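Residue numbers (the working numbering): 5 to 122. Take a look at the structure set out below.
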Amino acid sequence: MAQSIEGTCGGCGRTKSLQIKYREEYGKKTALCPNCGFHNSLKRIGGIVVGTKLIELEAPRTYASKENAVKAVEKKYGDWPVELRYIVYRNEEGRYFPVFIGYEAIREGVHFHFNVLG
Ligand SMILES: [Zn+2]
């Protein structure tokens with residue numbers, strides 16, 4: 005079933021139930037007016053559009069190798085009483101840094117030392 009959104013069309017000015025569709029030619033979703041065929045930008049018609057958000061990770065400290073990043077984590081949290089999950093991320097410069105995942109890491113204050121994603 006097609007998603008739709010109530011909005012005033014920028015083409016014909018009518019308030020309509022506009023059909024949200026992914027448009028290959030625009031490279032994004034638009035709200036198609038069934039009355040005049042105008043493609044409305046979802047933002048313009050005031051739709052709540054969350055979509056996606058690219059988060060670029062930056063670390064205050066990076067490591068030359070994955071092993072070194074793991075070592076840094078082990079040094080700080082190797083014997084921690086709570087299991088802290090993390091991945092090692094490789095940035096565009098080819099440097100490595102740990103990225104912790106989940107609520108436990110936030111609760112344990114890991115974000116003061118390393119990147120944490122909730
Ligand atoms: Zn229209």
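Glycine included, C-beta positions come from ideal geometry on N, C-alpha and C. Only a predicted model underlies this, so the values are computations on that prediction, with no experimental measurement involved.
Next item on the list: Report yes or no: do the region 59-73 and the region 99-108 share at least 3 C-beta pairs separated by less than 8 Å?
Entry: yes
Notebook entry, point to check: DSSP puts GLY1 in a beta bridge; with which residues?
Noted result: Residue numbering for the chain in the displayed model covers 5 to 122; residue 1 lies beyond these limits and cannot be assessed.
Notebook entry, point to check: In chain order, what residues have a CB nearer than 5 Å to some heavy atom of ligand 1?
Noted result: CYS13, GLY15, CYS16, CYS37, ASN39, CYS40, PHE42
Check: I think GLY50 touches GLY15, with their Cβ atoms under 8 Å apart; what is that distance to the nearest whole Å?
Finding: Not confirmed; about 16 Å, so no contact.
Checklist line | Where the beta strand (DSSP E) containing VAL92 begins and where it ends | finding: Taken as a continuous stretch (DSSP letters only), the beta strand (DSSP E) holding VAL92 covers 89-94.
Next item on the list: Would you mind sorting ASN95 into buried or exposed? The rule is 16 or more other CB atoms within 10 Å of its CB.
Entry: By the 10 Å Cβ count, ASN95 comes out exposed.
Notebook entry, point to check: Excluding five sequence neighbours on each side, which residues of the same chain lie with their C-beta closer than 6 Å to the C-beta of TYR81?
Noted result: LEU88
Notebook entry, point to check: Rounded to a whole number of angstroms, what is the C-alpha to C-alpha distance between GLN7 and HIS115?
Noted result: 38 Å
Checklist line | Inter-residue Cα distance where the pair is VAL92 and GLU62 | finding: 13 Å
Note to self: Output needed for TYR26: all residues of its chain with C-beta closer than 6 Å, excluding positions within five of it in sequence on either side, in chain order.
What the structure shows: For TYR26, where only same-chain residues beyond five positions count, the Cβ hits under 6 Å are LYS33.
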